[in-house]
Amino acid sequence: MSVPCETYQRYLEPGFTAFDPLELAKQTERIVCRGDSRKYTKFYCTGVYRGIATGYTCGCCLRCIFCWVNWSRDFPEKYGTFNSSAEAFEKLNHVAQKAQISQLRVSGAEPTLGKAHLLALLEKVEASTFRLFILETNGVLIGADPDYAQQIARFKKVHTRVSLKAGTPEAFTAKTGAKPESFNLPFQGIVNLLEAGASFHVAAMSADTRIMTKQERESLLSRLASIYPALVDNLEEEVVDPYHTTLERLRHAGVKLKF
C-alpha cells in the first residue's frame, strides 16, 4: 500500500501541524520497506569512529529542523534502491574490506524502520568477523516496542547510539514536528535498552545554545539522571553543523541561526 504524496509529511514549515511519529513511521515503512528489504542510497566508508563502513538509509519518523541527512529523509519515494539484509551486509562488507576497517554502521534517516530487515542484518554481522556495529537511532521505535530493545541486546557486537533532540515536550515539537506527547518515547527507548542489558550511549543536541537554552539542557540532564546517573556522565553533546541540507531545513522552518 503506497502513501499519497500530498499527505506525506515533508520538512517543517511555519504553522505546521504536529504529527504522530509512530504513524509517520508506518507510512514511511510502506515506502522504504519490502519484507526483508530496505531502501538505501549508498554504501561507503567515512572517517567518524576512526573509520567505519556505512549503509545510508532512506526515511525517518521525525522531521528535525537541524537534520543533516540528504533529501531522502523528506522524499523517500524519490531516492534509494531496495537491498535485502544479505545484500546490505555484502555491500557493507565490500566497502569495509576495501578500506581495511572492522566496524560497520547503519546511518542516515532512521535505521530502526523495518525491524525485520535490521534484525536480519544484525544476525549476519554477529556471525561475521567484524568487531563492531554501531546503530544510530532517535529511539522512538525502540521506546514504543520493548521487544525491539530485547532483540537488539541479543547481539554482542552491536552498540546503539540514541540521539535526543530536545529537553521538553514543547521544544521537542518545535524541533522535530512530532506531537508533544511523543516526547517520552526516546527516553523510554533508553529505559528499554537499559533494562534489556544492551550496549548503548546517549547523544543530544544540547551543546548549542542557539537551539537549546540552559534551562532546557538542565531539564534533559535531569531526566537522564533520573533514569541512570551514568548516562549524564557519558553524554555525547552536539552542536548544529552548517551542512547544506541543514541550512535548507532551517530556512524552510523559518529559523535563523548564525554560523
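Quick note on my numbering: the sequence shown kicks off at 6 and runs consecutively. Ideal Cβ positions, reconstructed from N, Cα and C, are used throughout, including at glycine. Quantities reported herein were computed from a predicted structural model and do not represent experimental measurements.
Practice item. Give the secondary structure of F192 by DSSP, where H, G and I count as helix, E and B as strand, and everything else as coil. Key: helix
**Study point:** G119 and R228 closer than 7 angstroms at C-beta
**Key:** No. Outside cutoff.
Point to revise | Contacts around S90, its chain only, beta-carbon distance under 7 angstroms, and the 5 residues preceding and following it disregarded | key: D41, H122, A125, L126, K129
Review point. So S112 is in the beta strand (DSSP E); what residue range does that whole segment cover?
Key: Counted as a single uninterrupted DSSP element, the beta strand (DSSP E) harbouring S112 occupies residues 108-112.
Check your understanding: Is the beta carbon of Y248 sitting closer than 7 angstroms to the one on W73?
Key -> yes
Point to revise | Distance between A171 and A209 (C-alpha atoms, nearest Å) | key: Rounded to whole angstroms, A209 and A171 show a C-alpha spacing of 8 angstroms.
**Study point:** Closest Cα partner of L236 within the set G52, R256, I216, F192
**Key:** F192
Practice item. Go ahead and pull the three-state DSSP assignment for E241. Key: strand
Exercise for review: Could you name the residues of the same chain whose beta carbon sits closer than 8 angstroms to that of K83, not counting the 5 residues immediately before and after it, in chain order?
Suggested key: Taken in chain order, the residues that qualify are W76, S77.
Check your understanding: With burial defined as no fewer than 16 other Cβ atoms inside 10 Å of the residue's Cβ, what is the status of Q19: buried or exposed?
Key -> Here the sequence assigns Pro to residue 19, which means Gln is not the residue at that position. With fewer than 16 other Cβ atoms within 10 Å, it is exposed.
Review point. C69 and A114 look like a contact to me (Cβ under 8 angstroms); what is the Cβ gap, rounded to whole Å?
Key: Actually they do not touch by this definition, with Cβ atoms about 11 angstroms apart.
Exercise for review: Check whether the Cβ atoms of T251 and F135 lie closer than 7 angstroms to each other.
Suggested key: no
Practice item. Ignoring anything shorter than 4 residues or poking outside the segment 110-188, list the alpha helix (DSSP H) runs there in chain order. Key: 120-131, 145-149, 151-158, 174-181
Review point. With a cut-off of 8 angstroms, do at least 3 Cβ pairs link the segment 51-63 to the segment 204-218?
Key: no
Exercise for review: Please specify which runs of the beta strand (DSSP E), each continuous and at least 3 residues long, are wholly inside the segment 34-94, giving them in chain order.
Suggested key: 42-51, 57-62, 86-89
Exercise for review: Verify whether the separation of the beta carbon atoms of H164 and S204 is less than 7 angstroms.
Suggested key: yes
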